[in-house]
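*Asks:* A single structure is presented below for examination.
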Amino acid sequence: MLQEIWDEINSGMDTISRCQCVPCPEKHSESPNVYRIKGNTEEGNVPKMGDVMLLSAEGLGSRDQIIQSRSFCTILVVLQVSTTDMIVRLSQCKFGKMKKKSYYQIMHLANLKNI
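For the sequence shown, the residue numbers in the UniProt record's numbering are 1 to 115.
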């Protein structure tokens, strides 16, 4: 399944940009797959509403590392952003299971067009 996620975005993705480390996303509402991700956004790397990003286990720097680790990975869409958190919708097509005590990283997918 993870390979399918990458196949969907690979043709539009040139590079993975720098990432931001965040705690495990928390369920935000009754809506399916809507979560809150806490954390201060880095200057110059602030997500915007509608951005498509990748959420994966912390410390993985390439597509191959993410696939080989077999840890949680999914694509998200940013719904709302503030200085302390953001509300996102996680893809229903995810790989692995989120672990509450784990840290994750979120990354912009450089040059990915949001259609």
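For glycine and all other residues, C-beta sits at the position ideal for the given N, C-alpha and C. All values reported here derive from a predicted model rather than from experimental measurement.
1) On the DSSP bridge assignment, give the partners of residue 27 in chain order.
2) Which whole-angstrom value describes the C-beta separation of residue 53 and residue 87, a residue pair presumed to lie in contact below a C-beta threshold of 8 Å?
3) Suppose contacts are defined by Cβ-Cβ distances below 8 Å. Is residue 103 in contact with residue 22 by that definition?
4) Tell me the residue span of the beta strand (DSSP E) that contains residue 49.
5) Kindly indicate which residue of 90, 99, 77 and 55 has the alpha-carbon position closest to the one of residue 67.
*Replies:* On the basis of the supplied data:
1) Residue mapping note: residue 27 aligns to position 27 of the sequence shown, counting from 1. DSSP lists 35 as the bridge partner or partners of residue 27.
2) As a first step, residue 53 must be located in the sequence shown, where it is residue number 53. As a first step, residue 87 must be located in the sequence shown, where it is residue number 87. Residue 53 to residue 87, Cβ: 13 Å. No contact.
3) Within the sequence shown, the letter at position 103 stands for residue 103. Within the sequence shown, the letter at position 22 stands for residue 22. Contact check for residue 103 against residue 22 passes: the beta carbons are separated by less than 8 Å.
4) To locate residue 49, count along the sequence shown from 1; it is residue 49. According to the DSSP assignment, residue 49 belongs to no beta strand (DSSP E), since it is labelled neither H nor E.
5) Position 67 of the sequence shown holds residue 67. Of the listed residues, the one whose Cα sits closest to residue 67 is 55.
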